[in-house]
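Asks: Be aware that the sequence shown starts at 41, since it is given in our numbering, and climbs by one per residue.
Have a look at the structure that comes next, please.
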Amino acid sequence: MTSYNLWLVILAVAILAVAWLPSLLKDYPLSYPILFVIAGWLLYQLPIPLPDPSPLQHPELATHLTELCVIIALTGTGLKIDRRFSLRGWRLPIRLVWLTMVVTIAVFSVVAWSWAGWPMASAMLLAAGLAPTDPVLAGDVQVGDPNEGGEDSVRFALTAEAGLNDGMAFPFVYLAVTMAQSAVTTTGELTHWAVYDLAYRVGVGVLGGWLSGQLLSYLIFGLPQRISIKTTAYGFVALAVTLVSYGLTELAHGYGFLAVFIAAITIRSRERTHEYHTYMHAFTDQIERLLIALLLLLFGGAIAEGMLLPLTWQDAVLGLLLVLIIRPLVGYVTLAGTGAQGLKRWIIAGFGIRGIGSLFYISFALSRADFANPARIWALTGFTILISVFLHGILSTPVMKRLDRRTTYVPMPDEEVR
41 MTSYNLWLVI LAVAILAVAW LPSLLKDYPL SYPILFVIAG WLLYQLPIPL
91 PDPSPLQHPE LATHLTELCV IIALTGTGLK IDRRFSLRGW RLPIRLVWLT
141 MVVTIAVFSV VAWSWAGWPM ASAMLLAAGL APTDPVLAGD VQVGDPNEGG
191 EDSVRFALTA EAGLNDGMAF PFVYLAVTMA QSAVTTTGEL THWAVYDLAY
241 RVGVGVLGGW LSGQLLSYLI FGLPQRISIK TTAYGFVALA VTLVSYGLTE
291 LAHGYGFLAV FIAAITIRSR ERTHEYHTYM HAFTDQIERL LIALLLLLFG
341 GAIAEGMLLP LTWQDAVLGL LLVLIIRPLV GYVTLAGTGA QGLKRWIIAG
391 FGIRGIGSLF YISFALSRAD FANPARIWAL TGFTILISVF LHGILSTPVM
441 KRLDRRTTYV PMPDEEVR
C-alpha cells in the first residue's frame with residue numbers, strides 16, 4: 041500500500057509536469073521526454089519502494105501499456121492533419137513508408153546480422169521494431185492542432201509517416217516471429233507471410249479503418265440534431281473511435297494501428313472545420329500525455345535497474361548507426377523526386393524518432409516466439425530509444441525554428457488543405 045500511494049503521488053507530479061513543461065520548454069533546445077527519462081532514472085536511485093520497471097520481467101504489462109499509448113497517439117495524429125488525402129498530396133509520407141522504412145529495415149538487419157553477429161530473426165526484429173517513426177514522441181516535429189493552418193511539408197511528412205508506418209513495420213515484425221519459430225524459413229512460410237501477414241493484414245487494416253471511420257462519421261455528423269452528442273462528450277467519442285477501429289480490425293486479424301489512423305483521417309475528411317475535431321484531438325492529446333509520463337518514468341527506471349547492462353559495444357555502434365547514418369542517408373536518397381530538397385529533405389530524413397512504438401513491437405514479438413538473448417534485444421532497443429530521445433529532443437526546437445525562418449509557407453494546389 042505504501043508503494044501504491046507513493047506511486048500515485050509521483051504520477052500526480054508527473055501529470056502536472058506534463059501540463060506545464062511543453063509551454064516552458066518551447067523556446068529551448070530541450071523536450072519534456074528527456075526530463076521524464078532523467079526523472080525516472082533518478083527515482084529508481086532512491087531507497088524507496090517502487091514497482092519493477094523491467095519490460096523483460098513484465099512482458100504482458102509492457103505490451104498493453106505501450107499498445108494503448110500508441111493507438112491513442114495515432115487517433116490524435118490522424119485528427120490533426122489538415123491536408124486531404126490524395127496520392128499526389130501525400131507522396132512524401134507514402135514514399136517514407138513504402139521505400140524509406142523498408143530499405144532501412146533491410147540495411148539495418150543485414151548490418152546487425154553480418155557485422156554484429158545477431159541471429160537473422162533477432163536482426164529482423166530489431167530492424168522492424170526500430171525503423172518506424174514513433175507517433176508518440178515525435179510531437180515536436182509534427183503539425184499543430186486541427187485547423188491551425190500553415191501545415192508545411194516537413195511537419196506534414198513526419199506526422200503522416202508516423203501514422204502510416206505501422207502498417208508496413210508490423211509485417212516485418214511478423215516475419216521475424218516466423219523466422220524465430222523455425223530453424224529454416226521455407227518458401228511456403230515466406231509465401232504465407234507475403235499473402236497473409238503482408239497483403240491480407242494491411243488490406244484489412246486499411247478497409248477496417250475506412251469502414252469504422254465512415255460509420256463513426258455518420259454517428260457524429262449524420263444523425264439528426266436532436267440526438268447529437270453534447271460538447272462535453274466529444275472526448276469520449278475520440279476514445280470510442282480509437283477502441284472501435286482498433287478492436288474490430290484486430291478481431292478480423294488486420295493491423296489495428298493502421299486502422300486507427302485511417303479511421304481518424306476518414307472522420308477528419310467529414311466536416312473538416314467542425315469544432316468537433318479540435319475537442320477530440322485535445323482529449324486524445326491529454327490521455328496520450330498521461331500515458332507518456334508513466335511510460336517514460338518506467339523507461340528511465342528500467343535503465344536505472346540495469347536494462348542497458350547486456351549492451352555490447354557493437355550494439356551501441358548499431359544504435360548510433362541507425363539514428364545518425366542509416367535512417368538519414370536512406371531517407372535522403374529515397375526521397376529523390378518527391379520535391380523535397382536541401383534542408384527540408386535532410387530534416388525529413390533525419391527525424392525518424394524512435395520511442396514507445398518500438399517498445400511495443402519488441403514486447404509483442406518476444407511474447408510470440410523465443411528469440412536468442414532477449415535481454416540483449418531489450419538493451420539495444422533501450423539504448424537506441426535513449427539516443428533518439430536525447431538527440432532529437434535537443435535538436436527539434438532549433439532545427440524547426442531554422443526551418444521556419446527559411447521557409448515561407450505557400451499551399452500548393454494539390455495539398456487540398458480544406
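Just so you know, even glycine gets a beta-carbon here, dropped at the ideal spot from N, CA and C.
Using only the alpha-carbon positions, how far apart do residue 411 and residue 241 sit?
Replies: Position 371 of the sequence shown holds residue 411. Position 201 of the sequence shown holds residue 241. About 23 Å.
Asks: When the Cα atoms are used, what is the spatial distance from residue 138 to residue 202?
Replies: For the purposes of this step, residue 138 is taken as residue 98 along the sequence shown, with counting starting at 1. For the purposes of this step, residue 202 is taken as residue 162 along the sequence shown, with counting starting at 1. If I take the Cα positions, the gap works out to 13 Å.
Asks: Could you check if residue 205 is buried or exposed, using at least 16 other CB atoms within 10 Å of its CB as the buried criterion?
Replies: Residue mapping note: residue 205 aligns to position 165 of the sequence shown, counting from 1. By the neighbour-count rule (16 or more Cβ atoms within 10 Å), residue 205 is buried.
Asks: How close, in whole Å, do the beta carbons of residue 147 and residue 370 come, if the pair is a contact with beta carbons under 8 Å?
Replies: Translated into the one-based positions of the sequence shown, residue 147 becomes position 107. Translated into the one-based positions of the sequence shown, residue 370 becomes position 330. 6 Å between Cβ atoms; contact.
Asks: Can you grab the Cα-Cα spacing for the pair residue 356 / residue 423, in whole Å?
Replies: The count along the sequence shown starts at 1 and reaches residue 356 at position 316. The count along the sequence shown starts at 1 and reaches residue 423 at position 383. Going from the Cα of residue 356 to the Cα of residue 423 covers about 7 Å.
Asks: DSSP on residue 411, reduced to helix/strand/coil?
Replies: Along the sequence shown, read from residue 1 onward, the residue named residue 411 stands at position 371. Coil.
Asks: Is residue 374 near the ligand NAD, going by C-beta to nearest heavy atom under 8 Å?
Replies: Of the ligands one can find in the structure shown there are none, so the ligand NAD has no counterpart to examine.
Asks: Closer than 6 Å by C-beta to residue 331: which residues in its own chain qualify, once you throw out the five before and the five after it? Chain order, please.
Replies: Locating residue 331 in the sequence shown gives position 291, counting from the first residue. Answer for residue 331: 109, listed in chain order.
Asks: Out of curiosity, what's the CA-to-CA distance linking residue 111 and residue 303?
Replies: Looking up residue 111 in the sequence shown gives position 71. Looking up residue 303 in the sequence shown gives position 263. Near 11 Å, if we compare the C-alpha coordinates of residue 303 and residue 111.
Asks: Would you mind reading off the limits of the alpha helix (DSSP H) that contains residue 293?
Replies: Residue numbering aside, residue 293 sits at position 253 when the sequence shown is read from its first letter. That residue, residue 293, is in no alpha helix (DSSP H); it is neither H nor E in DSSP.
Asks: One question on the structure: do residue 395 and residue 428 come within less than 9 Å of each other, judged by their Cβ atoms?
Replies: The sequence position of residue 395 within the sequence shown is 355, counting from 1. The sequence position of residue 428 within the sequence shown is 388, counting from 1. Against a cut-off of 9 Å, the Cβ pair of residue 428 and residue 395 comes out as a contact.
Asks: Compute the distance between the beta-carbons of residue 119 and residue 432, then report whether it is under 9 Å.
Replies: The sequence position of residue 119 within the sequence shown is 79, counting from 1. The sequence position of residue 432 within the sequence shown is 392, counting from 1. No, these two residues do not count as a Cβ contact at 9 Å.
Asks: With a threshold of 8 Å, are at least 3 pairs of Cβ atoms found where one atom belongs to the segment 270-287 and the other to the segment 224-242?
Replies: Cβ pair count under 8 Å is below three, so no.
Asks: If you scan the segment 52-134 from start to end, which runs of the alpha helix (DSSP H) of 4 or more residues do you find wholly inside it?
Replies: Entirely contained in the segment 52-134, the alpha helix (DSSP H) runs reaching 4 residues are, in chain order, 72-83 and 99-119.
Asks: Looking at the structure shown, is residue 155 part of a helix, part of a strand, or coil, going by DSSP?
Replies: Here residue 155 corresponds to residue number 115 of the sequence shown, with the count starting at 1. Coil, per DSSP.
Asks: Let's see if you can read the secondary structure: which residues bound the alpha helix (DSSP H) around residue 332?
Replies: Here residue 332 is taken as the residue at index 292 of the sequence shown, counted from 1. Residues 315-344.
Asks: I'd like the list of long-range same chain contacts for residue 311, defined as Cβ closer than 7 Å, with 5 residues on each side in sequence excluded.
Replies: Stepping through the sequence shown from its first residue, residue 311 is reached at position 271. Hits under 7 Å: 261.
Asks: Would you kindly report the start and end of the unbroken alpha helix (DSSP H) that includes residue 174?
Replies: Numbered from 1 along the sequence shown, position 134 holds the residue referred to as residue 174. It is not in any alpha helix (DSSP H) - residue 174 carries neither H nor E in the DSSP assignment.
Asks: Just the C-alpha distance for residue 341 and residue 309, rounded to the nearest angstrom, thanks.
Replies: Taking the first residue of the sequence shown as 1, we reach residue 341 at position 301. Taking the first residue of the sequence shown as 1, we reach residue 309 at position 269. Distance between the alpha carbons of residue 341 and residue 309 is about 41 Å.
Asks: Under three-state DSSP, which class holds residue 45?
Replies: In the sequence shown, residue 45 corresponds to position 5, counting from 1. Residue 45 falls in the helix class under three-state DSSP.
Asks: Within this structure, are the beta carbons of residue 81 and residue 343 separated by less than 9 Å?
Replies: Here residue 81 corresponds to residue number 41 of the sequence shown, with the count starting at 1. Here residue 343 corresponds to residue number 303 of the sequence shown, with the count starting at 1. Contact flag set, yes.
Asks: Give the DSSP-derived three-state secondary structure of residue 459 in the structure shown.
Replies: Here the chain covers residues 41 to 458 and nothing more, so residue 459 does not appear.
Asks: Could you pull the start and end residues of the alpha helix (DSSP H) that residue 368 belongs to?
Replies: As a position in the sequence shown, residue 368 is number 328, starting the count at 1. From DSSP, the alpha helix (DSSP H) with residue 368 extends over 367-374.
Asks: Here's a check: name, in chain order, each residue in its chain whose Cβ is nearer than 7 Å to the Cβ of residue 299, leaving out the five neighbours to either side.
Replies: Numbered from 1 along the sequence shown, position 259 holds the residue referred to as residue 299. Correct list, in chain order: 245, 248, 249, 252, 285, 286 and 289.
Asks: Would you kindly check if the distance between the Cβ of residue 72 and the Cβ of residue 65 is under 9 Å?
Replies: Translated into positions along the sequence shown, residue 65 becomes position 25. Translated into positions along the sequence shown, residue 72 becomes position 32. Yes.
Asks: Tell me whether the beta-carbon of residue 50 lies closer than 9 Å to the beta-carbon of residue 399.
Replies: The residue labelled residue 50 in the question sits at position 10 within the sequence shown. The residue labelled residue 399 in the question sits at position 359 within the sequence shown. Contact: no.
Asks: Along the chain, where does the alpha helix (DSSP H) containing residue 239 start, and where does it finish?
Replies: Here residue 239 corresponds to residue number 199 of the sequence shown, with the count starting at 1. Where residue 239 is concerned, there is no enclosing alpha helix (DSSP H), given that its DSSP letter is neither H nor E.
Asks: Helix, strand or coil: which one does DSSP assign to residue 445?
Replies: The sequence position of residue 445 within the sequence shown is 405, counting from 1. DSSP places residue 445 in helix when its eight states are reduced to three.
Asks: Hey, would you say residue 183 sits closer than 9 Å to residue 199, going by beta carbons?
Replies: For the purposes of this step, residue 183 is identified with residue 143 of the sequence shown, where counting begins at 1. For the purposes of this step, residue 199 is identified with residue 159 of the sequence shown, where counting begins at 1. Yes, they are a contact pair.
Asks: Considering only the alpha carbon of each residue, which of 166, 292, 408 and 282 lies closest to residue 425?
Replies: Looking up residue 425 in the sequence shown gives position 385. Considering only alpha carbons, the answer is 166.
Asks: Compare the C-alpha of residue 211 against each of 86, 230 and 368 and name the closest.
Replies: By one-based count along the sequence shown, residue 211 stands at place 171. That would be 230, whose Cα lies nearest to the Cα of residue 211.
Asks: To the nearest angstrom, how far is it from the Cα of residue 257 to the Cα of residue 171?
Replies: The residue labelled residue 257 in the question sits at position 217 within the sequence shown. The residue labelled residue 171 in the question sits at position 131 within the sequence shown. When rounded, the distance between both Cα atoms is 32 Å.
Asks: Nearest to residue 177 by alpha carbon, out of 130, 219, 392 and 313?
Replies: Along the sequence shown, one-based indexing puts residue 177 at 137. Per the Cα distances, 392.
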